[in-house]
Amino acid sequence: MQSPDLNQNYFELFGLPAAFALDRARLLAAQQRLQSSYHPDRHVNDNDRDRRLSVQVASWINQAYETLQDPVKRSRYLLEISGADIPDDSTTTADTEFLMEQIELREAVEACREATDGLEQCQQIENRLTQRAGELADEFVDRFEADDLAGAVVLSRKMQFIQRIQQQLDELQFELEGL
Amino acid sequence: MALLQISEPGQSTAPHQHRFAVGIDLGTTNSLAATVRSGEAVCLADEQGRKLLPSVVHFAAGDKLLGYEALAMQANDPLNTIASIKRLMGRASEDVSRLGNTLPYETVIPAGSKVPRIRTRSGDFSAVEISAEILRVLAQRAAQSVGDELDGVVITVPAYFDDAQRQATRDAATLAGLKLYRLLNEPTAAAVAYGLDQNNDGTVAVYDLGGGTFDISVLRLNKGVFEVLATGGDSSLGGDDMDHAIGEWIISAAGFVEIDARLARRILIAARKAKESLTEAESAEISIADRQHNWSGTLIRSNFEGLVKGLLTRTLTACRRTLRDAGLKATDIDEVIMVGGSTRVPLVQSMVGELFARKPMCDLDPDEVVALGAAIQADVLAGNKPDSEMLLLDVLPLSLGIETMGGLSEKIITRNTAIPVSRAQEFTTFKDGQTAMSIHVVQGERELVSDCRSLARFELRGFPPMTAGAARIRVTYQVDADGLMSVTAEEATSGIAAEIVVKPSYGLTDGEIESMLRASMEHARDDIELRMHKEQQVEASRVIEAIDAALVNDGEQLLNPKERKLIVEHRDALATALESATTEELKRLIRAVEQASEFYVARRMNQSVRQALTGKQIDEVDV
Chain A
0 MQSPDLNQNY FELFGLPAAF ALDRARLLAA QQRLQSSYHP DRHVNDNDRD RRLSVQVASW
60 INQAYETLQD PVKRSRYLLE ISGADIPDDS TTTADTEFLM EQIELREAVE ACREATDGLE
120 QCQQIENRLT QRAGELADEF VDRFEADDLA GAVVLSRKMQ FIQRIQQQLD ELQFELEGL
Chain B
0 MALLQISEPG QSTAPHQHRF AVGIDLGTTN SLAATVRSGE AVCLADEQGR KLLPSVVHFA
60 AGDKLLGYEA LAMQANDPLN TIASIKRLMG RASEDVSRLG NTLPYETVIP AGSKVPRIRT
120 RSGDFSAVEI SAEILRVLAQ RAAQSVGDEL DGVVITVPAY FDDAQRQATR DAATLAGLKL
180 YRLLNEPTAA AVAYGLDQNN DGTVAVYDLG GGTFDISVLR LNKGVFEVLA TGGDSSLGGD
240 DMDHAIGEWI ISAAGFVEID ARLARRILIA ARKAKESLTE AESAEISIAD RQHNWSGTLI
300 RSNFEGLVKG LLTRTLTACR RTLRDAGLKA TDIDEVIMVG GSTRVPLVQS MVGELFARKP
360 MCDLDPDEVV ALGAAIQADV LAGNKPDSEM LLLDVLPLSL GIETMGGLSE KIITRNTAIP
420 VSRAQEFTTF KDGQTAMSIH VVQGERELVS DCRSLARFEL RGFPPMTAGA ARIRVTYQVD
480 ADGLMSVTAE EATSGIAAEI VVKPSYGLTD GEIESMLRAS MEHARDDIEL RMHKEQQVEA
540 SRVIEAIDAA LVNDGEQLLN PKERKLIVEH RDALATALES ATTEELKRLI RAVEQASEFY
600 VARRMNQSVR QALTGKQIDE VDV
């Protein structure tokens, strides 16, 4: 008979610890349990006001789920609720080494397009990106747990760069497969 | 916030009262109604025991006919017989005037209105009104066969229906006096019909091949929760294309050269019959016999399969694309459901089975399955199954964006985001004392606003005048569980609010959505797009040349000045746009020219047949 407390953070909403490590099965189960109560379909015969509210609450739950299930968004959200100062997207990294790595990765992705064994090369880059994303996530956790929020913000940004390249690679792979 | 009345499962607050609820499949060609009776979903039949209701309305003098009776009038009185109205749902005057000649009936656009109407002898009607007529008949049928008052309905819509099309469907229900519990996506309904909510968790693909459209959807199931992960398809691919492929085979096998409209119709009917009998039989006898033709032949199944394989491969490509959107591989799919009459073709079942490496489910009648699922969902929403855990979560079919500087679309909510969903954005003023701003909301995947569909422009007014950049205008976009959007706006520092509900003034055709989706993928591959564009330009030039040659040849003889003017107008529109138009526009203009000159082509054929026959008689006399 209780509506959720909209002042909770997303982790609290789903009954999960506020940490980067995520139990996906628990998140999914919690999301569906909440939607089973608050989704507009559960309030078809209620009054207008409650029906409108259920749309808002269900939207909020969807938003929370989407944020937590994506590692980059999750890292950002963790920083946000921890009070970190998060620069907007236009801020560029000053880390030259990381910049070079990015340029090199992007060129490698582009090279797959022309290569005869493009799909194989894509697979290799994918493995590399997966590994890199894992390393960055580990570093993020280290910094975050050491309360180095500024350092964690930088890592969250790096994770985002890697994710973008992953998306580009994904696009290219489907293109090469003729989809 | 304690306003939501949440009750624990099984602990309903009021004593339970059974509500009579119906699920309706409002289809392009046929519509059906179904309800849950003694725990089982059944389609409702009319007094003659027919379950399908052709989605056709005929306006007779002082009377109105629906379904089969209306369908029977189509050939004799096309102008007063309205069919395929679903294609016009949620579409604006501009779309319809563009369609102009392809519609078998006359449309009018009342001054100052965005909504086109169809002119009949009984008055002018909008698509919403015509759909409401169909809904009313189905509701009456339901009330009669159950003998109870109808509480509410669930109506199904294609998963890719946009805001305007969903809104129009909702309006039709309101107009028919029905309480609409929910618009339900057709593939989700199919999954519900198969009772997959009672299965173990997993992912389901719904392959829906109808007469003229193909849809593929990927759903995820988890403890009674259905979630649409992605949808895709091809809105101009269906069973009719198989008929055409067989038709072409007949034409070449029989060596027919001159094909008039009547012969073409005869061939298509024979083709369809052959296709249907090849579902069971290994071969089909085909004969085309009339005064001028006498041909018979045999089409064996493997031959037929060779003819349609290319078409079906296209559906599989769409399947792979949609799997990609869902982030899954074909082998991740646990069940495949077949919907639509065309899935009766054995090759469809085997090719789909091969892609997903499992036997597709096809135990239920593929024509009924959507209505049956809608009935089950209606029963749950009515509250007749308080213990049911079934919950259907949907996604937004097309991205919503707003126009930014330079005519670009900035995506606010991307395609396949779970709904309901809301997003907020903050804007500021760029002039001192600015008290209003306008926002243009579009739907589609492309970068340029001009390539997306305009949903609405709305003005936010009444902000307190402030220095430039000081106002913080927070705009919230809310999409509800039916996929319909509303917008609210507030100036954050003063708390002054303005609410704007988006009244859609446009609608996208299925084809436009499909081509917009496809176009967005091709956008990344400019070279392919460029090639397609060149191809369309070449095709356009070919069409123009053909029209010009024909007009010189016998335009005076076969056309009255008005008809000639109509054709020339379309030809000129195409010629003018040849260099500047996009690929899609060219396609549309080419189609428009072809459609405008259809009757001319038929007349030319008749003419040449007549000349041929005349020639022959003279020869015979001579001999």
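Protein chains in written order, with numbering that gives the first Met the number 0: chain A, 0 to 178; chain B, 0 to 622. Where is the CB? At the ideal position from N, CA and C, for every residue including glycine.
1. On the CB-based measure, 16 or more other CB atoms within 10 Å of its CB, does residue 82 (chain A) come out buried or exposed?
2. Answer yes or no: do residue 127 (chain B) and residue 171 (chain B) have a C-beta to C-beta separation smaller than 7 Å?
3. One question on the structure: do residue 121 (chain A) and residue 172 (chain A) come within less than 7 Å of each other, judged by their Cβ atoms?
4. Let me know the secondary structure DSSP gives residue 143 (chain B) once reduced to three states.
5. So the candidates are B:296, B:47, B:599; which of them puts its Cα closest to the Cα of residue 567 (chain B)?
6. Residues in its own chain within less than 6 Å of residue 204 (chain B) by CB, not counting five upstream and five downstream?
7. Could you tell me whether the stretch 436–449 of chain B touches the stretch 354–371 of chain B, where touching means 3 or more Cβ pairs closer than 8 Å?
8. Scan the stretch 42–59 of chain A for residues whose Cβ lies nearer than 8 Å to a Cβ of chain B and list them as they occur along the chain.
9. Got a sec: is the Cβ-Cβ distance from residue 570 (chain B) to anything in chain A below 7 Å?
10. Using beta carbons (cut-off 7 Å, strictly below), is residue 162 (chain A) in contact with chain B?
11. Under DSSP, the alpha helix (DSSP H) around residue 586 (chain B) begins and ends at which residues?
12. Please decide whether residue 68 (chain A) counts as near chain B, where near means a Cβ-Cβ distance under 7 Å.
13. Examine the Cβ distances between the stretch 63–71 of chain A and the stretch 252–270 of chain B and report whether three or more of them are shorter than 8 Å.
14. By the 10 Å Cβ neighbour count, where 16 or more other Cβ atoms means buried, how is residue 534 (chain B) classified, buried or exposed?
15. Strictly by DSSP, which residues pair up with residue 439 (chain B)?
16. Hey, residue 225 (chain B) and residue 278 (chain B): beta-carbon distance below 7 Å or not?
17. Does any residue of chain E have a CB that is nearer than 7 Å to the CB of residue 39 (chain A)?
18. For residue 213 (chain B), list the residues DSSP reports as bridge partners.
19. Tell me whether the beta-carbon of residue 496 (chain B) lies closer than 7 Å to the beta-carbon of residue 473 (chain B).
20. Whose Cβ in chain A lies nearer than 7 Å to the Cβ of residue 315 (chain B)?
21. Given that residue 187 (chain A) touches chain B, what residues does it touch there, using C-beta distances under 9 Å?
22. Thinking C-alpha only, which one of B:237, B:200, B:230 is nearest residue 220 (chain B)?
23. Could you pull the DSSP bridge partners for residue 22 (chain B) from this structure?
24. Rounding to the nearest angstrom, what Cα-Cα distance links residue 35 (chain A) and residue 18 (chain B) in this structure?
25. With distance defined between alpha-carbon atoms, name the residue in B:438, B:284, B:416 nearest to residue 424 (chain B).
26. Output, in chain order, the set of chain A residues within a Cβ distance shorter than 9 Å of residue 180 (chain B).
27. Under 8 Å between beta-carbons, which chain A residues line up against residue 420 (chain B)? List them in chain order, please.
28. How far does the beta strand (DSSP E) with residue 336 (chain B) in it extend, from its first residue to its last?
29. With H, G and I counted as helix, E and B as strand and the rest as coil, what does DSSP make of residue 124 (chain B)?
30. Among the residues of its own chain, which have a CB less than 6 Å from the CB of residue 55 (chain B), if the five just before and after it don't count?
31. Residue 28 (chain B) to residue 554 (chain B), Cα distance in whole Å?
32. Quick check: what's the CA-CA separation for residue 501 (chain B) versus residue 605 (chain B)?
33. Any heavy atom of the ligand NAP closer than 6 Å to the beta-carbon of residue 371 (chain B)?
34. Closer than 9 Å, Cβ to Cβ, to anything on chain A: give me those residues from the stretch 470–492 of chain B, in chain order.
35. Since I believe residue 192 (chain B) is in contact with residue 40 (chain B) (beta carbons under 8 Å), could you give me their beta-carbon distance rounded to a whole number of angstroms?
36. Between residue 73 (chain A) and the rest of its own chain, which residues show a CB-CB distance below 8 Å, the 5 nearest in sequence each way excluded?
On the basis of the data shown:
1. One-based indexing of the first sequence puts residue 82 (chain A) at position 83. Its Cβ having fewer than 16 others within 10 Å, residue 82 (chain A) is exposed.
2. Here the question's residue 127 (chain B) lines up with position 128 in the second sequence. Here the question's residue 171 (chain B) lines up with position 172 in the second sequence. The answer is yes: Cβ separation under 7 Å.
3. Locating residue 121 (chain A) in the first sequence gives position 122, where the first residue counts as 1. Locating residue 172 (chain A) in the first sequence gives position 173, where the first residue counts as 1. Yes. Within cutoff.
4. Translated into the one-based positions of the second sequence, residue 143 (chain B) becomes position 144. Of the three classes helix, strand and coil, the one that applies to residue 143 (chain B) here is helix, per DSSP.
5. Here residue 567 (chain B) refers to the residue found at position 568 of the second sequence. It is B:599 whose Cα lies nearest to the Cα of residue 567 (chain B).
6. In the second sequence, the residue the question calls residue 204 (chain B) occupies position 205. Excluding residues within five positions, the ones whose Cβ falls inside 6 Å are 217, 332, 335.
7. no
8. 42, 43, 44, 45, 48, 49, 52, 53, 54, 55, 56, 57, 58, 59
9. Within the second sequence, numbered from 1, the residue matching residue 570 (chain B) stands at position 571. By this cut-off, residue 570 (chain B) is not an interface position.
10. As a working note, residue 162 (chain A) is residue 163 in the first sequence. Taking Cβ atoms only, chain B never reaches closer than 7 Å to residue 162 (chain A), which makes this a no.
11. Translated into the one-based positions of the second sequence, residue 586 (chain B) becomes position 587. Here the alpha helix (DSSP H) through residue 586 (chain B) covers 582–595.
12. Position 69 of the first sequence, counting from 1, holds the residue named residue 68 (chain A). So no, residue 68 (chain A) is outside the interface.
13. no
14. Position 535 of the second sequence, counted from the start, is the residue given in the question as residue 534 (chain B). So residue 534 (chain B) ends up on the exposed side.
15. Here residue 439 (chain B) refers to the residue found at position 440 when the second sequence is read from its first residue. According to DSSP, which records beta bridges pairwise, residue 439 (chain B) is partnered with B:456.
16. Mapped onto the second sequence, residue 225 (chain B) falls at position 226. Mapped onto the second sequence, residue 278 (chain B) falls at position 279. No, the Cβ-Cβ distance between residue 225 (chain B) and residue 278 (chain B) is not below 7 Å.
17. In the structure shown, chain E does not exist; the protein chains are A and B.
18. Taking the first residue of the second sequence as 1, we reach residue 213 (chain B) at position 214. Bridge partners of residue 213 (chain B): B:208, B:233.
19. Walking along the second sequence from the start, residue 496 (chain B) turns up at place 497. Walking along the second sequence from the start, residue 473 (chain B) turns up at place 474. In this structure, residue 473 (chain B) does not lie closer than 7 Å to residue 496 (chain B) by Cβ.
20. What you label residue 315 (chain B) is simply residue 316 of the second sequence in a count that begins at 1. Those do not exist, as residue 315 (chain B) stays about 11 Å from chain A at its closest Cβ, beyond 7 Å.
21. Any question about residue 187 (chain A) goes unanswered here, given that chain A covers just 0 to 178.
22. The residue labelled residue 220 (chain B) in the question sits at position 221 within the second sequence. Checked all of B:237, B:200, B:230; the closest Cα to residue 220 (chain B) is B:200.
23. Here residue 22 (chain B) refers to the residue found at position 23 of the second sequence. DSSP, once it has assigned bridges, lists B:33, B:153 as partnering residue 22 (chain B).
24. As a working mapping, residue 35 (chain A) is identified with position 36 in the first sequence. As a working mapping, residue 18 (chain B) is identified with position 19 in the second sequence. Rounded to whole angstroms, residue 35 (chain A) to residue 18 (chain B) spans 21 Å at the Cα level.
25. Taking the first residue of the second sequence as 1, we reach residue 424 (chain B) at position 425. Put simply, of B:438, B:284, B:416 the residue whose alpha carbon is nearest the alpha carbon of residue 424 (chain B) is B:438.
26. Along the second sequence, read from residue 1 onward, the residue named residue 180 (chain B) stands at position 181. Going along chain A in sequence order, the residues near residue 180 (chain B) (Cβ under 9 Å) are 40, 43, 44.
27. Along the second sequence, read from residue 1 onward, the residue named residue 420 (chain B) stands at position 421. 58, 61, 62, listed in chain order.
28. Walking along the second sequence from the start, residue 336 (chain B) turns up at place 337. According to the DSSP assignment, residue 336 (chain B) belongs to the beta strand (DSSP E) that extends over 334–338.
29. Translated into the one-based positions of the second sequence, residue 124 (chain B) becomes position 125. In this structure, residue 124 (chain B) counts as strand in the three-state DSSP scheme.
30. Residue mapping note: residue 55 (chain B) aligns to position 56 of the second sequence, counting from 1. So the list reads 69, 70, 82, once near-sequence residues are dropped.
31. On the second sequence, residue 28 (chain B) is found 29 positions in, with the first residue counted as 1. On the second sequence, residue 554 (chain B) is found 555 positions in, with the first residue counted as 1. So the alpha carbons of these two residues sit roughly 36 Å apart.
32. Locating residue 501 (chain B) in the second sequence gives position 502, where the first residue counts as 1. Locating residue 605 (chain B) in the second sequence gives position 606, where the first residue counts as 1. Only weak support exists for where residue 501 (chain B) lies, its pLDDT of 48 falling under 50; the coordinates are left without a value.
33. This structure lacks the ligand NAP, and indeed carries no ligand of any kind.
34. 477, 478, 479, 480, 481
35. Position 41 of the second sequence holds residue 40 (chain B). Position 193 of the second sequence holds residue 192 (chain B). Indeed, because the Cβ distance is near 7 Å, the residues count as touching under 8 Å.
36. In the first sequence, the residue the question calls residue 73 (chain A) occupies position 74. 19, 21, 66, 67, listed in sequence order.
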